[in-house]
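Read in the working numbering, the sequence shown has 160 at position 152, and its numbers run on one by one without any break. A short write-up of the structure that comes next.
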Amino acid sequence: MSAARHEGETHVESACPLDCPDACSLDVTVAGGRVVAVGGSEKNPVTRGYICAKVRRYPEHMYGVGRILHPGIRTGRKGEGAFRRATWDEALDLVVERMKAVRDARGGEGILPVSYGGSNGYLSQDTTDARLFYRLGASRLLRTVCAAPSASASKGLYGKMPGVAYQDYASAKLVLVWGMNPSVSGIHLVPYIQEAQKKGARLIIVDPRRTRLAESADLHLALRPGTDLPLALAMIRWLFENGRADRDFLAREARGAEELERRARPWSLERAAAECGVAAADIETLARLYADASPAALRCGWGPERNRNGGSAIAAILALPAVAGKFGVRGGGYTLSNSGAWKEIDGMAGAAEPEPSTRAINMNRVGAALAEKGAGSVDLLFVYNANPLMTLPEQERVRKGLEREDLFTVVFDPVMTDTARYADVVLPAATFLERTELSRGYGAFVLQKADAVVEPAGQARPNHAVFAELCRRMGVARAGEPESAEQLTEAFLASTPRGADLSRALGASGIAFLAEGPAPVQFVDVFPRTSDRKIDLVPEALDREAPRGLYHYEPEAPAPRYPLALISPGTDRTISSTLGELHRAAVPVTIHPDDALARGLQDGDRVRVYNELGSVRCRARVDADVRPGVVFLPKGLWSHNTESGTTANALSPDTLTDLGGGACFNDARVEVERLGGA
Ligand SMILES: Nc1nc2c(c(=O)[nH]1)N[C@H]1C(S)=C(S)[C@@H](COP(=O)(O)OP(=O)(O)OC[C@H]3O[C@@H](n4cnc5c(=O)[nH]c(N)nc54)[C@H](O)[C@@H]3O)O[C@H]1N2
Ligand SMILES: Nc1nc2c(c(=O)[nH]1)N[C@H]1C(S)=C(S)[C@@H](COP(=O)(O)OP(=O)(O)OC[C@H]3O[C@@H](n4cnc5c(=O)[nH]c(N)nc54)[C@H](O)[C@@H]3O)O[C@H]1N2
Ligand SMILES: [Mo]
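The following block contains the structure:
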């Protein structure tokens, strides 16, 4: 649909594919062949016609100074960001020559593709790119930087059951938001929570920071980062001991309840309180309010997963609605991610061929992988859909790797990221408004397809086209394979049982609803997708995977020189580092007044935040928003946001979570010192 509202302007519908739960439908204003404004549309009823402040600035992302308009070949030192303009042919010839050289000298495993979500749509990942790297026998990347532990836990316990829909939060009598900050990372949940509050629902927040929602909460447990597991286990023990566990439900619908009860037994309220740094009475209040309320909706986020106990913590949190018997009513149950929760679109594949069994590199360890020498070295790095220098742990190690003169780096991105400044070749990527995209958020119940709204800026090209071209030039393309956006979309839809229906809906309106009518209710309309449709409270596979068993709590390693826990959750300015070129302000580290006083720090002072891995120089913001012992420096920053050009990632270890090989960003332990100067 398009309609003119002002002379020379047209309105075109689109859908936001960015890494977010919400899946906004968009109303894009186009004038003179350029996007001039991006707003919300009513097509996705849950996103209600409004969008976040970040994506409203998307036109600046498309046409701003950071945009890469043509291929470039490095002329300066790595990191300097000096490139000369090249044609696509010249740039791709060079990439192909180096790929062939590395493959011949070292084997395909000398090539490492580093990609994560990018814009997160189906067409820009795991299509022709997978074909290229699979067929070259390149090293594989384990995409673990986000959601790996929580996905393991929700798959193990519930086989990834679809979650409580946002709109059903309005029916809840109690909303428990655990380690999530919807005010910035999925804003469309907030009005439904407020609607429930207006009708008398209680709101409880579990978060080391006083988030915007926490200000209006009935109870805020500001626990120490990484201690969600003892907190959830103490609640579970309390529920069992006080006759508040729903034993009938558990007997009928779950396996492993007795074993879970046994594993929760060591966690008295007092012991958990000491570990979590909160009052035992508050844990009891939380358990009691949760037990009393129905419907009770639990919104579990990704904050609890980003530490050594992350997988077990999420599993214990997700066990709560089962133990307390919260399912079976509208507004009752839990929400985590709906990724993989819909068999209609699960397993949709654009490059239907098996992954080869070449060596796999955990993306949290890219820094270490780049330091390998000899037979195991990575000699060609192909970065797309990601900004690894700013988003992976051990930033200084990643930087050292990118500086290697014997490493050939290709970066394919719409904008000149900090990572791109280290490239030998940069390639300009089309943004989602300049190409077709098929997408869905991971909180929503929709699939959307949107065609290009405008022509790509400069010489930018879509991912699928560039990788198809590279397949041809490397001699690994096969005749008749789907290559264009239309062919790939068809291939995706043909790979799922409901493809024909979805295709019809997408063709008619660009949006397909995965559930008909009112949103599904857990244990009424949707059930665990485990083999016997039961909840598996202590899944054997997870118990085997966790180094010391599922629900084993690993206390903090003593680090007397680095007494502060650094956390780096998202803010309302960036989506991970995407759009960060537009956010140029200096970003401070937030520290509690007690911790500031102990260090002689005042609000606005220049400080150094440091540990054995690196350091960040920035300003201090002294505020009781963070609990004592915790400091906060957001994720998604660019080098221009701090004085030192380093970010929280320079302080994050590359250790892995207990499940899923996930990132332990929030296990960073640091000290903060005052620096001189104005
Ligand atoms: N604006 C914006 N939106 C985003 C993103 C973004 O970067 N910016 N990122 C997108 C992506 S990739 C993701 S994965 C999601 C993530 O969305 P969220 O789940 O909101 O994840 P985080 O921002 O990491 O952290 C959420 C909250 O967890 C708290 N937290 C930190 N450590 C702990 C802990 O140990 N326990 C508990 N209970 N809480 C803790 C933080 O203080 C924070 O308030 O958001 C998506 N949406
Ligand atoms: N310290 C710390 N670091 C973190 C986290 C944390 O909690 N703390 N959280 C982590 C989380 S949750 C996540 S999800 C990761 C995300 O880390 P990354 O995957 O690196 O995500 P982004 O920073 O959003 O980078 C995506 C890049 O893809 C580009 N892009 C967008 N669309 C396209 C496209 O169509 N084609 C191509 N070729 N490129 C495109 C964007 O311009 C951007 O540069 O960061 C992690 N990093
Ligand atoms: Mo993420």
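We put the beta carbon where it would ideally sit given N, CA and C, even for glycine. Since we're looking at a predicted model, the values are computed, not measured.
Close Cβ partners of residue i (< 6 Å) along its chain, the five nearest in sequence each way excluded
i	result
leucine 400	Val374, Val406
leucine 590	Arg65, Glu68
threonine 663	Cys672
alanine 523	Phe453
glutamate 553	Leu667
valine 386	Leu120, Ala377, Leu378
alanine 90	Thr83, Gly84
glycine 16	Ala39
glutamate 117	Ser147, Thr366, Arg367
valine 634	Arg217, Thr598, His600, Phe640
Inter-residue CB distance, residue i and residue j (contact presumed, cutoff 8 Å)
i	j	result
proline 79	proline 436	7 Å
proline 577	proline 642	7 Å
leucine 268	alanine 332	Not really, about 12 Å apart at Cβ, beyond 8 Å.
valine 462	valine 43	6 Å
arginine 592	lysine 62	With 8 Å as the limit, arginine 592 and lysine 62 do not qualify as a contact, their Cβ atoms being about 14 Å apart.
Backbone CA spacing between residue i and residue j [nearest angstrom]
i	j	result
glycine 309	alanine 159	11 Å
aspartate 300	tyrosine 124	42 Å
aspartate 551	glutamate 489	41 Å
serine 345	serine 447	15 Å
proline 312	lysine 381	35 Å
alanine 458	glycine 515	10 Å
serine 10	histidine 19	Interpretation of serine 10 is limited by its pLDDT of 49, a score under 50 that renders its predicted location unreliable; no figure is taken from the coordinates.
alanine 230	valine 286	7 Å
glycine 145	isoleucine 369	13 Å
arginine 682	valine 597	12 Å
aspartate 675	arginine 260	38 Å
alanine 161	glutamate 402	26 Å
threonine 538	glutamate 98	51 Å
glycine 685	aspartate 176	53 Å
isoleucine 353	leucine 496	14 Å
threonine 439	glutamine 610	42 Å
tryptophan 646	leucine 77	20 Å
Cβ-based burial, residue i [other Cβ within 10 Å; buried from 16]
i	result
aspartate 603	buried
proline 566	exposed
serine 224	exposed
glutamate 620	exposed
arginine 486	exposed
valine 391	buried
alanine 472	A quick correction: the sequence has histidine, not alanine, at residue 472. When all chains shown are included, histidine 472 counts as buried.
threonine 95	exposed
proline 505	exposed
proline 568	exposed
glutamine 456	buried
serine 585	buried
valine 54	buried
lysine 206	exposed
DSSP beta-bridge partners of residue i
i	result
phenylalanine 521	Val454
aspartate 35	Glu21, Gly47
histidine 648	Paired residue(s): none; histidine 648 is not in a bridge.
leucine 229	Val214
glutamate 679	Tyr618
cysteine 626	Val615
glutamine 530	Val534
phenylalanine 335	For phenylalanine 335, which the question treats as bridged, DSSP gives no partner whatsoever.
leucine 664	Ala671
arginine 93	Gly80
tyrosine 392	Phe420
Own chain residues within Cβ distance below 7 Å of residue i, not counting five before or after
i	result
glycine 449	Cys28, Pro29, Asp30, Ala31
asparagine 393	Ser123, Tyr124, Gly125, Gly126, Ser132, Gln133
proline 636	His600, Asp602, Asp603
valine 678	Tyr570, Leu572, Leu574, Val617, Tyr618, Asn619, Val639, Leu659
arginine 106	Leu388, Phe416
valine 630	Ile599, Pro601, Ala604, Leu609, Gln610, Asp611
glycine 129	Pro25, Phe440, Glu445, Leu446, Ser447
valine 532	Gly336
Sequence-distant residues of its chain with Cβ nearer than 8 Å to residue i (five each side left out)
i	result
serine 623	Arg616, Val617, Ser652, Thr654, Ala658, Leu659
lysine 181	Ala204, Gly208, Ala209, Arg210, Ala301, Ser302, Pro303, Ala304, Gly339
valine 104	Leu478, Arg481, Met482
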